[in-house]
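Encoded as structure tokens, the structure appears first; notes follow it.
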Amino acid sequence: MKKILLIEDNPYDARLVGQILKHHDCQFNHAKDASSGLELAVRQNPDIILLDMGLPDLDGQTVMALLQQMEELQDIPVVAVTAWPPDTAREMAEAYGCAGYISKPIKARQFYDQIAVYFSDDAVYFSDAEE
Amino acid sequence: MTLKKCPVELFPATDFSMATLTEAYNQARIDYIVPMPMNVARMRAYIHNYDVTLESSVVATIEHEIVGLGMLGIREQRAWITRLGISPNKRRNTAGQAIMEYLIQESRERGAQKIILEVIKGNEPAYHLFKKLGFYVTRELLVLRRPPLKAPSKYKPYTVTYLNEATTSDLLEQRHSKPSWLDEAPSLRHAGGLEGLSVRLIDGSHGWIAYQHALYQLGRIVLQPETGDKIAVAQALLHALHTRHLLHDTKFENLPALDPYWEVFEECGYIVSFKRLEMNLDLR
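Chains A and B supply the protein sequences, listed in that same order.
Under this note's numbering, read the first sequence as residues 299 to 429, first letter to last.
Under this note's numbering, read the second sequence as residues 513 to 796, first letter to last.
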């Protein structure tokens, strides 16, 4: 069972992701800000982190920078979830070492497939999961 | 106290708790391309750092429901409109215009001769509202990010001197570039963590940089090559900065798009997150 951690302050998006993932064989955890997200990441060692880039306590980029500096977490793929225009999302996610990005608004029918590509051992990081 | 009648009613921001103001702001920005949500601590710091006057800031309601807000910063004879936002499903109720008209009037009453604001480039409804109210564009500003762990590679040998808060604060008075509200000297001084460094190249070229050093992030950068090969000085300053703070993420708001050192920032790993337009309204 894959452990998925969503760090997202928007309750509507968090609820939507929870609804989508309950139909799949995975353990879903949600943190509503950066500090609780980092704490959960350390405690639960998830298989993937879905990171909203706009959080109320720290920017997503700063969270990403911290995750990369934590030895026990730096191998976990982090996927940015953002409403940025695609070019900005790609450039920013790549610069900060994300495995890829998913554009908002979240598309319920595609969402699980978009994150499942990162579960594979031979996942190709930095292919836009939307393409 | 009700300041304006239905359907939109305006109330001073002081009538609301900081938690309510923060939530109202977050709700108003929830569908933005760059939502920039805040928690209460961040909102308090924002109000402090940028001289926002809650007595002059305003919350809009429709039928007793908060639909938006706008805040006003005041420095001497200048006012700055910020945190303006309307909840997504209430944007056709003229609440935005009511808030703006209130803040403009408030600025006049407080003796401001000019109002400044910034709008995210591409936010057409807000841009057109500001134009309609008489604001004009003064310049385009870049909001930049730079991930940590990469020391810049392009620089000439230099010697560096690290500057304390007091010295750096004094240097800000000698700044050449025109700051935005976010990186004016009072903003840097209020925010705390003000640091600086100066570099000197072998040929005597020299300059300084001021910045805010927060726990995980560098920001509010003021880059000032003084003499000689100014591009080489700018490269050396950024090299010294990011070597000293190798693990820090950097967020640099409001570099003018036409800044002569933008290419040096770009070479050093800075990327554009989004763009803003700075707009002014003359009240004289």
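Ideal Cβ positions, reconstructed from N, Cα and C, are used throughout, including at glycine.
Inter-residue spacing [alpha-carbon to alpha-carbon] between residue i and residue j
i: Asp771 of chain B; j: Asp411 of chain A; result: 43 Å
i: Gly335 of chain A; j: Met530 of chain B; result: 24 Å
i: Glu392 of chain A; j: Thr360 of chain A; result: 14 Å
i: Asp355 of chain A; j: Arg712 of chain B; result: 38 Å
i: Asp426 of chain A; j: Met351 of chain A; result: Residue confidence is low: Asp426 of chain A scores 48 on pLDDT, short of 50, so the model does not pin down where it sits. No coordinate-derived value is stated.
i: Ile374 of chain A; j: Ile400 of chain A; result: 16 Å
i: Asp695 of chain B; j: His751 of chain B; result: 21 Å
i: Gly781 of chain B; j: Arg658 of chain B; result: 6 Å
i: Ala434 of chain A; j: Glu588 of chain B; result: A question about residue 434 of chain A goes unanswered here, because the residues of chain A that appear run from 299 up to 429.
i: His757 of chain B; j: Ser665 of chain B; result: 15 Å
i: Pro698 of chain B; j: Ala553 of chain B; result: 19 Å
i: His718 of chain B; j: Pro691 of chain B; result: 21 Å
i: Ala591 of chain B; j: Thr532 of chain B; result: 24 Å
i: Ser785 of chain B; j: Leu735 of chain B; result: 19 Å
i: Gly597 of chain B; j: Gln317 of chain A; result: 30 Å
i: Phe409 of chain A; j: Leu615 of chain B; result: 43 Å
i: Val315 of chain A; j: Pro403 of chain A; result: 11 Å
i: Gln367 of chain A; j: Met555 of chain B; result: 28 Å
i: Ile628 of chain B; j: Arg651 of chain B; result: 11 Å
i: Thr673 of chain B; j: Val415 of chain A; result: 49 Å
i: Lys301 of chain A; j: Gln372 of chain A; result: 16 Å
i: Gln539 of chain B; j: Arg687 of chain B; result: 38 Å
i: Ala572 of chain B; j: Phe523 of chain B; result: 6 Å
i: Pro549 of chain B; j: Tyr394 of chain A; result: 20 Å
i: Asp311 of chain A; j: Gly358 of chain A; result: 16 Å
i: Leu759 of chain B; j: Pro660 of chain B; result: 5 Å
Partners in chain B for residue i, counting only beta-carbon separations shorter than 7 Å
i: Met368 of chain A; result: Within 7 Å Cβ-Cβ: nothing; Met368 of chain A doesn't reach chain B, min ~11 Å.
i: Asp307 of chain A; result: Pro549
i: Gly316 of chain A; result: Going along chain B, no residue has its Cβ under 7 Å from Gly316 of chain A, so there is no contact; the nearest lies around 18 Å.
i: Tyr394 of chain A; result: Pro659
i: Pro344 of chain A; result: Within 7 Å Cβ-Cβ: nothing; Pro344 of chain A doesn't reach chain B, min ~21 Å.
Within chain A, partners of residue i - CB distance below 7 Å
i: Leu759 of chain B; result: Gln367
i: Ile542 of chain B; result: Asn308
Status (buried if at least 16 other CB within 10 Å, exposed otherwise) for residue i
i: Met791 of chain B; result: buried
i: Pro384 of chain A; result: exposed
i: Gly398 of chain A; result: buried
i: Gln325 of chain A; result: exposed
i: Ala339 of chain A; result: buried
i: Gln729 of chain B; result: buried
i: Asn601 of chain B; result: exposed
i: His754 of chain B; result: buried
i: Met299 of chain A; result: exposed
i: Arg732 of chain B; result: buried
i: Met612 of chain B; result: buried
i: Thr526 of chain B; result: exposed
Partners in chain B for residue i, counting only beta-carbon separations shorter than 8 Å
i: Gly335 of chain A; result: Result: empty, since nearest Cβ-Cβ is about 13 Å, beyond 8 Å.
i: Asp331 of chain A; result: Asn551
For residue i, three-class secondary structure by DSSP
i: Glu429 of chain A; result: Because Glu429 of chain A carries a pLDDT of 40, less than 50, the predicted location of this residue cannot be relied on, and the following value inherits that uncertainty. Three-state result, Glu429 of chain A: coil.
i: Gln625 of chain B; result: coil
i: Lys300 of chain A; result: strand
i: Asp695 of chain B; result: helix
i: Lys517 of chain B; result: Any reading at Lys517 of chain B must be qualified, since the residue scores a pLDDT of 46, below 50, and its modelled position is unreliable; the value itself is stated next. Coil, per DSSP.
i: His576 of chain B; result: coil
i: Asp527 of chain B; result: helix
i: Ile246 of chain A; result: There is no way to answer for residue 246 of chain A, as the model of chain A reaches only from 299 to 429.
i: Met508 of chain B; result: Any question about residue 508 of chain B goes unanswered here, given that chain B covers just 513 to 796.
i: Phe417 of chain A; result: coil
i: Glu316 of chain A; result: Going by the sequence as given, residue 316 of chain A is Gly instead of Glu. Helix, per DSSP.
i: Tyr562 of chain B; result: coil
i: Trp592 of chain B; result: strand
i: Glu652 of chain B; result: strand
i: Phe786 of chain B; result: strand
i: Tyr310 of chain A; result: helix
i: Asp345 of chain A; result: coil
i: Lys644 of chain B; result: helix
i: Leu795 of chain B; result: coil
i: Thr671 of chain B; result: strand
i: Ala378 of chain A; result: strand
Contacts of residue i in chain A (Cβ-Cβ under 9 Å)
i: Phe786 of chain B; result: Trp382, Pro383 and Thr386
Listed by chain order, chain B residues near residue i by CB distance under 9 Å
i: Ala363 of chain A; result: Pro659, Pro660, Leu661, Tyr728, Gln729, Leu759, His760 and Asp761
i: Gln372 of chain A; result: By Cβ distance, chain B contributes nothing, its closest Cβ being about 11 Å from Gln372 of chain A, past 9 Å.
Per-residue contacts from residue i into chain A (C-beta, under 8 Å)
i: Arg554 of chain B; result: Pro354 and Asp355
i: Asn635 of chain B; result: None at all; the shortest Cβ gap to chain A is about 13 Å.
Residue i Cβ short of 7 Å to the ligand MG heavy atom set
i: Phe642 of chain B; result: With respect to small molecules bound, the structure shown includes none, and the ligand MG cannot be examined in it.
Any 3 or more C-beta pairs closer than 8 Å across the stretch 675-684 of chain B and the stretch 694-707 of chain B
yes
Cβ contact check for the stretch 574-583 of chain B and the stretch 605-616 of chain B: 3 or more pairs under 8 Å
yes
Counting pairs of Cβ atoms below 8 Å between the stretch 637-647 of chain B and the stretch 775-785 of chain B, do you hit three or more?
no
Below 8 Å, how does it come out for the stretch 619-636 of chain B and the stretch 738-745 of chain B: are there three or more Cβ pairs, yes or no?
no
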